[in-house]
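Asks: First, the structure itself, so that you have it in front of you.
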Amino acid sequence: MYFRKLPHVEGVPFITEQVPHPETAFLLPILSDAEEGEERIRAALLDPTCTAYAFWLDGRLAGAAVVRWEEDASGEIVYIAVAPDLRGRGYGKQIIHVLQEELRRRRGHSLLVGTANAALANIAFYQKCGFRMFEIRRDYFSYIQPPIAENGIVLRDMLVLRYDLE
Numbered sequence: 001m002y003f004r005k006l007p008h009v010e011g012v013p014f015i016t017e018q019v020p021h022p023e024t025a026f027l028l029p030i031l032s033d034a035e036e037g038e039e040r041i042r043a044a045l046l047d048p049t050c051t052a053y054a055f056w057l058d059g060r061l062a063g064a065a066v067v068r069w070e071e072d073a074s075g076e077i078v079y080i081a082v083a084p085d086l087r088g089r090g091y092g093k094q095i096i097h098v099l100q101e102e103l104r105r106r107r108g109h110s111l112l113v114g115t116a117n118a119a120l121a122n123i124a125f126y127q128k129c130g131f132r133m134f135e136i137r138r139d140y141f142s143y144i145q146p147p148i149a150e151n152g153i154v155l156r157d158m159l160v161l162r163y164d165l166e
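Mapping the sequence shown onto UniProt numbering, position 45 (from 1) lands on 45, and the numbers just tick up by one.
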């Protein structure tokens with residue numbers, strides 16, 4: 001397998017690799033925490049408009065991300081995940097930092113990310129990473145039946161946050 005290594009980002013302990021579409025299956029388990037159907041995740045991994053990234057720490061898969069890059073080099077984070085036993089150590093923020101540097105390298109201007117209206121920790125996390133509220137995709141999660149709740153709030157809308165390069 002050949003994965004393209006991304007340039008090292010100062011202060012980030014990961015080795016970051018861009019994963020070719022035919023080789024993305026190994027990312028499925030770590031991305032499955034997104035609480036979406038496996039088929040939706042698999043479709044994003046195989047979508048030619050998306051780029052998959054693997055984040056390695058001490059020889060093990062520590063995280064993954066899938067980004068849809070637009071022709072103007074702006075992007076949307078479709079999926080992002082950190083291995084469950086590594087959460088809460090700042091690795092998610094470091095993955096975001098790597099993606100922000102990739103945006104800069106591509107000469108893009110903004111990076112979008114969406115999260116559920118009920119995912120209060122995610123909303124706070126993205127804002128701490130420099131994202132700001134951008135739009136609401138109403139009834140985005142209506143395909144989840146029966147509806148599920150997080151923090152006592154029914155998942156209904158997707159909140160989209162945006163990071164702008166200055």
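Using N, Cα and C, we set each Cβ at its ideal position, and we do this for glycine too.
Determine the burial state of residue 94: buried for a count of at least 16 other Cβ atoms within 10 Å of its Cβ, exposed for fewer.
Replies: Answer is buried; the Cβ neighbour count reaches 16.
Asks: Are at least three pairs of beta-carbons, each pair with one atom in the region 81-92 and one in the region 112-121, less than 8 angstroms apart?
Replies: Flag = no, the region 81-92 and the region 112-121 do not touch.
Asks: Candidates 164, 64 and 92: which alpha carbon is nearest residue 107's?
Replies: Nearest of 164, 64 and 92 to residue 107, Cα basis: 164.
Asks: If we count the other Cβ atoms within 10 Å of its Cβ and call it buried at 16 or more, is residue 115 buried or exposed?
Replies: By the 10 Å Cβ count, residue 115 comes out buried.
Asks: Taking just the CA atoms, how far does residue 128 sit from residue 18?
Replies: Straight-line Cα distance between these residues: approximately 25 angstroms.
Asks: Kindly list the residues whose CB is nearer than 7 angstroms to the CB of residue 38, restricted to its own chain and excluding five residues on each side of it in sequence; keep chain order.
Replies: These residues qualify, in order along the chain: 28 and 32.
Asks: Helix, strand or coil, according to DSSP, for residue 15 in the structure here?
Replies: In this structure, residue 15 counts as strand in the three-state DSSP scheme.
Asks: Pull the bridge partners of residue 174 from the DSSP assignment, please.
Replies: What is shown of the chain runs 1 to 166, which leaves residue 174 out entirely.
Asks: Compare the Cα-Cα distances from residue 109 to each of 92, 60 and 131 and report the closest residue.
Replies: Comparing Cα-Cα distances from residue 109 to each of 92, 60 and 131, the minimum goes to 131.
Asks: Just tell me which of 62, 105 and 111 has its CA closest to the CA of residue 15.
Replies: Checked all of 62, 105 and 111; the closest Cα to residue 15 is 62.
Asks: By the DSSP assignment, the alpha helix (DSSP H) with residue 125 in it spans what residues?
Replies: That run of the alpha helix (DSSP H) goes 120-128.
Asks: Rounded to a whole number of angstroms, what is the C-alpha to C-alpha distance between residue 54 and residue 23?
Replies: Straight-line Cα distance between these residues: approximately 11 angstroms.
Asks: What did DSSP end up calling residue 60 once you bin it into helix, strand or coil?
Replies: Residue state, collapsed to three classes: strand.
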